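See below for the structure under consideration.
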Amino acid sequence: WQHISYNPLGRRVMWTRCLWRELLYFKLLDAGEYMCVARNPGGDDTKLYKLDVVAKPPIINGLYVNKTIMKVTAVRHSKKQIDCRAEGTPPPQIMWIMPDNIFLTAPYYGSRIVVHKNGTLEIRNIRPSDTAEFICVARNDGGESMLVVQLEVLEMLRRPIFKNPFNEKITAKPGKTTTLNCSVDGNPPPDISWMLPNGTWFSSGIKTSQFLTGSNGTLTIYNPDGGKAGKYRCAARNKVGYIEKLIILEVGQKPNILTHPTGPVKGISGESLSLHCLSDGSPKPNTAWTLPGGYVLDRPQINWKYILLENGNYVCKAHNNAGDSSITVPVVIVAYPPRITNRPPQTIHTMPANI
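Using the numbering used here, you'd call the opening residue of the sequence shown number 17 and step up by one each time.
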């Protein structure tokens, strides 16, 4: 046998009567004309054969393109498998090119990286440094195909969690800008929205003349008054979960002292004296008295006796988050000279003592 259009076939051809059984693992270079020569002392004879080698270039994951680029994601510390199933004639050889330019031919078994026999790349215990390009090359005599995988490593998915998970009650000063805080953690970062007392929903980044919703989960209320008091609901959502919390806003009312003396209050030395200081407001005010000497009484007191030194101005102050109010009560303590009210009889009889 003689390969007319190419070099001799070498060891892959057995010089037997049945070439077709012995010519194994055809390659494209094997294509051409083959001449069979039969020779003996009486002469020779020849016969010419034409061999066509059919090869199909590799196809990766069923895609009939030479190069495919795909983006994939993986969660940190997880395991990721990337398929590179190649078909073709003859069967293609599969190789992965790693980010550090290391070539791994299937099959390959490492402690963290595995290339399975079918071409699937497996990465265990995904790290942030695995964010890179991984290239799968499938090659046979018909050509080659390439799969470029752009891997992005994500943090562990977490459902939304409020930094302060409890419902709150907040008191705002009338007319003073107030901010409600609804800070939340989660991955991916949750979308935060607010529901106003009237049922209106605001997403992040909304600004009106009365409200501003920040990207960090805050709701700013401009010039709060009684009309803006009520229940505000904060909601946080991502692909993993949804949570809500309630914030009750009260717009405070500055304390108002209801009792106003018309003039100095007189007391008698040695007798009890009551000074009244009734007040209202929102939230309920705390009341404290400041005595003429500067001493402050900030809890209920009963003082039964006054001396002349306690004359002076007594100041009542009512305070809450919205402000404070005060009144001054002048006190005059009157002292009278001693007066005997139970006199003995004019004549006193006594008995002599026995000695």
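Idealized CB from N, CA, C, for every residue including glycine. Note that the structure is a prediction, hence the values are computed from the model and not measured.
Taking the continuous beta strand (DSSP E) assigned at residue i, which residues delimit it?
{"i": "Y50", "result": "G48 to N56"}
{"i": "P205", "result": "Taken as a continuous stretch (DSSP letters only), P205 belongs to no beta strand (DSSP E), as it is neither H nor E."}
{"i": "T236", "result": "T234 to I237"}
{"i": "I139", "result": "L137 to I139"}
{"i": "D60", "result": "G59 to L67"}
{"i": "K185", "result": "E184 to A188"}
{"i": "R315", "result": "Element bounds for R315: n/a, residue is neither H nor E."}
{"i": "P346", "result": "G339 to V350"}
{"i": "Q109", "result": "Q109 to I113"}
{"i": "V267", "result": "Y258 to V267"}
{"i": "L196", "result": "T194 to N197"}
{"i": "I129", "result": "I129 to V131"}
{"i": "L228", "result": "F227 to T229"}
{"i": "S219", "result": "W217 to S219"}
{"i": "R92", "result": "Counting along the chain, R92 falls outside any beta strand (DSSP E), and DSSP gives it neither H nor E."}
{"i": "L120", "result": "F119 to T121"}
Thinking residue i and residue j are a contact (beta carbons under 8 Å), I'd like their distance in whole angstroms, please.
{"i": "V91", "j": "I142", "result": "7 Å"}
{"i": "A47", "j": "C100", "result": "Actually they are not in contact, since the Cβ atoms of A47 and C100 sit about 29 Å apart, beyond 8 Å."}
{"i": "G158", "j": "T105", "result": "7 Å"}
{"i": "I343", "j": "C293", "result": "7 Å"}
{"i": "I85", "j": "S161", "result": "That pair is no contact at about 12 Å."}
{"i": "P206", "j": "N254", "result": "4 Å"}
{"i": "I129", "j": "I139", "result": "6 Å"}
{"i": "G283", "j": "V347", "result": "6 Å"}
Using a 10 Å radius around the Cβ and a threshold of 16 neighbouring Cβ atoms, would you call residue i buried or exposed?
{"i": "L163", "result": "buried"}
{"i": "N358", "result": "exposed"}
{"i": "A148", "result": "exposed"}
{"i": "I110", "result": "buried"}
{"i": "A122", "result": "buried"}
{"i": "N82", "result": "exposed"}
{"i": "K192", "result": "exposed"}
{"i": "I208", "result": "buried"}
{"i": "Y125", "result": "exposed"}
{"i": "S290", "result": "exposed"}
{"i": "K96", "result": "buried"}
{"i": "V131", "result": "buried"}
{"i": "S94", "result": "exposed"}
{"i": "I118", "result": "exposed"}
{"i": "D116", "result": "exposed"}
{"i": "C52", "result": "exposed"}
{"i": "S225", "result": "exposed"}
{"i": "S295", "result": "buried"}
{"i": "P280", "result": "exposed"}
{"i": "P240", "result": "buried"}
{"i": "V312", "result": "exposed"}
{"i": "L45", "result": "exposed"}
{"i": "A351", "result": "exposed"}
{"i": "G59", "result": "exposed"}
{"i": "D146", "result": "buried"}
{"i": "Y80", "result": "exposed"}
In this structure, does DSSP put residue i in helix, strand or coil?
{"i": "D99", "result": "coil"}
{"i": "D241", "result": "coil"}
{"i": "D146", "result": "helix"}
{"i": "E171", "result": "coil"}
{"i": "E287", "result": "coil"}
{"i": "L212", "result": "coil"}
{"i": "L307", "result": "coil"}
{"i": "L79", "result": "strand"}
{"i": "L163", "result": "strand"}
{"i": "N358", "result": "coil"}
{"i": "L294", "result": "coil"}
{"i": "L274", "result": "coil"}
{"i": "I323", "result": "Its pLDDT being 48, under 50, I323 is placed unreliably in this model, and the value from its coordinates should be taken loosely. The answer is coil: DSSP assigns I323 none of H, G, I, E or B."}
{"i": "H335", "result": "strand"}
{"i": "R37", "result": "Low confidence applies to R37: its pLDDT is 42, below 50, so where it sits in the model is not reliable, and the reading given next is rough at best. Three-state DSSP puts R37 in a helix."}
{"i": "W31", "result": "Confidence at W31 is low in this model, with a pLDDT of 47, below 50, so its placement is unreliable and the value that follows should be read with caution. Three-state DSSP puts W31 in coil, outside helix and strand."}
Going by beta-carbon coordinates alone, are residue i and residue j separated by less than 7 Å?
{"i": "P204", "j": "G246", "result": "no"}
{"i": "A304", "j": "K270", "result": "no"}
{"i": "V200", "j": "P176", "result": "yes"}
{"i": "F178", "j": "K244", "result": "no"}
{"i": "G268", "j": "K189", "result": "yes"}
{"i": "I98", "j": "V165", "result": "yes"}
{"i": "N336", "j": "G297", "result": "yes"}
{"i": "Y248", "j": "L265", "result": "yes"}
{"i": "D61", "j": "A54", "result": "yes"}
{"i": "G345", "j": "P301", "result": "According to the sequence as given, residue 345 is Val; it is not Gly. Against a cut-off of 7 Å, the Cβ pair of P301 and V345 comes out as no contact."}
{"i": "P108", "j": "N77", "result": "no"}
{"i": "I263", "j": "L173", "result": "no"}
{"i": "E49", "j": "K66", "result": "yes"}
{"i": "I273", "j": "S231", "result": "no"}
{"i": "L228", "j": "T236", "result": "yes"}
Does the beta-carbon of residue i, which I'm using as the reference point, lie nearer than 6 Å to any heavy atom of the ligand ADP?
{"i": "S231", "result": "With respect to the ligand ADP, the structure shown offers nothing to examine, as it has no ligands at all."}
Using a C-beta cutoff of 7 Å, does residue i count as contacting chain D?
{"i": "A334", "result": "In summary, chain D is missing from the structure at hand, where a single protein chain is found."}
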